[in-house]
Amino acid sequence: MLSLRKLERKEIIFLIFSLIILVSMVYMSYDWAPSNDERYNVPYADLALDYYSSFGKNDTVLTTTTKIEPVMKHYGIAIELPAHFLHRLFGWELYGIRHAIMTLMSFFYIFFGALLAKRITKSWTAAYIAMAFLILTPRIFGEAFNNPKDPTYCATSLISLYTFFVFLDALPKPSWRKTILLGIGVAGSLLVRISGLISEFLFVIFLVWELYYLHKNKIAIDLKDIAKKVFIAFGVGYFAGIILWPAMINAPFTQPFEALAFLKNLPVTVKNLFEGKYLQSTEIPWYYLPKYFLISNPEVILIGILIGLILLFKLKKVYNFRRISFLLISSFFPLFLIIYSKTGLLTGWRHGYFIYIPLVVFSAIAYTFIIEHNVLSEIKKRIVIGVICFALLPTIYFMVKNYPLFYVYFNPTFGGVKKAMGNYELDYYSHSIMPAIKWLEQNEPGFEKKKLASNNTFQVSEILKPKYGSLPIAYTRYRERYDQDWDYNILTQSFVDAEYLRNGYFGTSKDVIKTIDVDGVPVCAILKRQDKNDYYGKKALDSQQYPKAIEFLNKALQYDANNEIAWTNLGLAQLNSNQPNEAVQSLSNALKISPENMMAKNYLAYAYLQSGNLPYAQSVLMNLIEENPNMPDPYRLLAQIYQQQGNGAMAQQYMSIYQQITGQMGGQ
């Protein structure tokens, strides 16, 4: 690491530049709203602070049966605890100090990534290229301000990798100072996730390789001394890393295995939008992470990785090949484990950030090799640097233009955010809610006194709370947004039907007064209720007042013909009024707007049945089973159709499946 006692001019410039970046990042962190995950992170951190402040007497964090504990206990809390301590001690605004501290920690993946590039190449050019690349990786940098797990884990991973390099470089006679650094690296790797143990496993492998290299070159090795120092560093580092992790410090020898098993087989399943379809996190294809790497990172960095791999044996002649190998294996080995073990991944590729970060550093090393060892003249060196800078301009423009939502990034080669719309996850952390509320405050005075709703009530509530106190925010699923009474509704793309998104309907209803866009693509919509006939129609429908429901819903559709919810409810009202042909038309209109509307398809099958059109009903039901094989109703209706057609065997087959599914659902 840099020694403050003998800093060179280049080192001073690097440190000043790094400090400017750090201060800027912490200042920027106040523009980030609470993330979705903080609804669980915050209560868990509070319980952890109770545990430590009571010296373990209040062990609710270990025994709670809420949905917080089973998930959160498998993650380290050391980075979040200081914020909660300062909040209790001084009353500082919780989310502000949380985001400032996690931003400060995340900064170190940039700082140590640059130092790693410098250490391998002995070149400050590599450090600055790596720093630029790490900042201009919009996905990771965009989450460095309010994601306590993924960018911070990138930081602790690179800190550990750097300290491991320092220790290996000090062989065959590492000092106790270098041993302390090794212990810090071990501790750091465990601050966020137990998968940091992979780093220690890789270190041992590369330690053996380093010792073999020294032995081969007839350099004297004191194996006993080295083993003693490594053992002490690992032992002390391990306990230092878990001391602020309640579940781990309570069971330091058994909890790691439980945590590793948890990460491998996540009990939490979330739908991920990938390649135009919603897939459960346990059903993602093997190439999920590699594809995300390719489509949602700047091309110039990806090209650098490819160049480095092509020139790998030439790099070997100039740089320490064992260190470059360690850097690459730090990416490829975890990637292999995730693919091989079919580990579930949640929303985008944030759980794979730590895998990609070493490759970004490697990309910087590859470009440095070209600049310093392949290009001879100064003019050509400047041209290469100029080309790299020019290639980064589109990414810089995207980040400036779409601040603070630049984590919703897809590269131009893929087709950008426009092509990703309805095909891949966009604003999965709902960062767009903060600018949406700021717009409401500036343009709709008194909105907070009206009936508010959202499909992300936690974030809306937490953003409004400091200024307006606790406000009642009604939760509305997007596909049920008009079934409740509200005046303003803030809606994000969370779990909105993929084809509906691709067809361009999101953010286009007549009630929309503002959309929050990324590169012209709406990721959040603010609705102001101008007409409530759809709500009145739903109330009448629920009360079985079908003629009245039809009247209200027709008025709602005169106001907005693209209201697929009103079309669906109208179809059901007509179905219950013995108007099957009209119901078919209404439900078909709903499906033109939202082809994945399961409810509309189900009602449409009933409408075809009621009208006597069995082949059409059969086709709709088969489509429903293909899309959602665990939906019981289609099997029962198909059994009914086959019974009417005199096919008792098929009728019995589908009825058996229906009974099996309803039995698993508890007879519901």
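Taking my numbering, I'd label the letters of the sequence shown as residues 372 to 1039. In this text, a Cβ means the ideal position worked out from N, Cα and C, and glycines have one as well.
Report the option in the options whose CA atom is closest to the CA atom of residue i.
i: T847; options: V867, A961, K836, E833; result: V867
i: M1114; options: P986, Y871, Q916, S982; result: It is not possible to answer for residue 1114, since the shown part of the chain is limited to 372 through 1039.
i: Q626; options: I676, V607, L561; result: L561
i: L665; options: A622, R753, G787, L708; result: G787
i: R490; options: L529, K687, G513, F536; result: F536
i: L763; options: F504, N429, Y411, L716; result: F504
i: L706; options: S748, P661, F733; result: P661
i: A735; options: P669, E514, L631, M805; result: P669
i: I655; options: Y795, I741, A449; result: Y795
i: W810; options: I620, I834, T828; result: I834
i: P806; options: V831, Q1030, K822; result: V831
i: A449; options: K428, L418, N429; result: L418
i: P816; options: Y799, Y839, I936; result: Y839
i: K444; options: S667, V413, I597; result: V413
i: L532; options: T508, Y906, L487; result: L487
i: I590; options: R410, F624, L542; result: L542
i: I613; options: A558, F829, F785; result: A558
Kindly give me the distance between the Cβ atoms of residue i and residue j, rounded to whole angstroms, as I take these residues to be in contact under 8 Å.
i: F818; j: C525; result: Their Cβ separation, rounded to whole angstroms, is 38 Å, which puts F818 and C525 out of contact at 8 Å.
i: Y859; j: K903; result: Contact doesn't hold; Cβ gap of about 13 Å is too wide.
i: L924; j: A944; result: 6 Å
i: K790; j: F777; result: That pair is no contact at about 17 Å.
i: L946; j: Y977; result: 6 Å
i: A737; j: G679; result: 3 Å
i: Y446; j: K549; result: The pair is not a contact, with the Cβ atoms about 30 Å apart (cut-off 8 Å).
i: W938; j: N960; result: 5 Å
May I have the straight-line CA-CA distance separating residue i from residue j, to the nearest angstrom?
i: F577; j: K599; result: 17 Å
i: L682; j: V575; result: 27 Å
i: F610; j: Y422; result: 17 Å
i: A1020; j: I1012; result: 12 Å
i: D408; j: L465; result: 15 Å
i: Q813; j: S400; result: 21 Å
i: F482; j: H455; result: 26 Å
i: F1048; j: I844; result: Since the first residue of the chain shown is 372 and the last is 1039, residue 1048 is not available in this structure.
i: Y853; j: S914; result: 17 Å
i: G353; j: Y480; result: Outside the shown range of the chain, which is 372 to 1039, sits residue 353, and nothing can be said about it.
i: R850; j: Y649; result: 15 Å
i: S841; j: S803; result: 21 Å
i: N934; j: L995; result: 22 Å
i: W403; j: R564; result: 24 Å
i: S406; j: L862; result: 15 Å
i: Y727; j: I569; result: 15 Å
i: M372; j: G513; result: Unreliable positioning characterises M372 in this predicted model, as indicated by a pLDDT of 49, which lies under 50. A coordinate reading is not provided.
i: I472; j: T434; result: 28 Å
i: G647; j: W547; result: 54 Å
i: I506; j: D888; result: 22 Å
i: E382; j: K752; result: 22 Å
i: M770; j: D798; result: 14 Å
i: D540; j: N826; result: 53 Å
i: S528; j: T431; result: 30 Å
If you count every other CB in all the chains shown that lies within 10 Å of the CB of residue i, and 16 or more means buried, which is it?
i: Q1035; result: exposed
i: R510; result: buried
i: L460; result: exposed
i: W463; result: exposed
i: W657; result: exposed
i: L1009; result: buried
i: W720; result: buried
i: M502; result: buried
i: H722; result: buried
i: G983; result: exposed
i: S1027; result: exposed
i: E571; result: buried
i: C895; result: buried
i: H586; result: exposed
i: L677; result: exposed
i: S424; result: exposed
i: L390; result: exposed
i: T879; result: exposed
i: T492; result: buried
i: D596; result: exposed
Could you pull out every unbroken alpha helix (DSSP H) segment of at least 4 residues lying fully inside the segment 937-983, listed in chain order?
951-964, 969-982
Length-filtered (4 minimum) alpha helix (DSSP H) runs lying within the segment 674-730:
683-689, 692-712
Write down every uninterrupted run of the alpha helix (DSSP H) in the segment 879-931 whose length is 4 residues or greater and which is fully enclosed by it, in chain order.
904-913, 917-930
Segments of 4+ residues assigned as alpha helix (DSSP H) that fall wholly inside the segment 442-510
452-461, 465-492, 495-506
Counting only runs that start and end within the segment 617-670, where is the alpha helix (DSSP H) found for 4 or more residues in a row?
617-621, 626-635, 659-666
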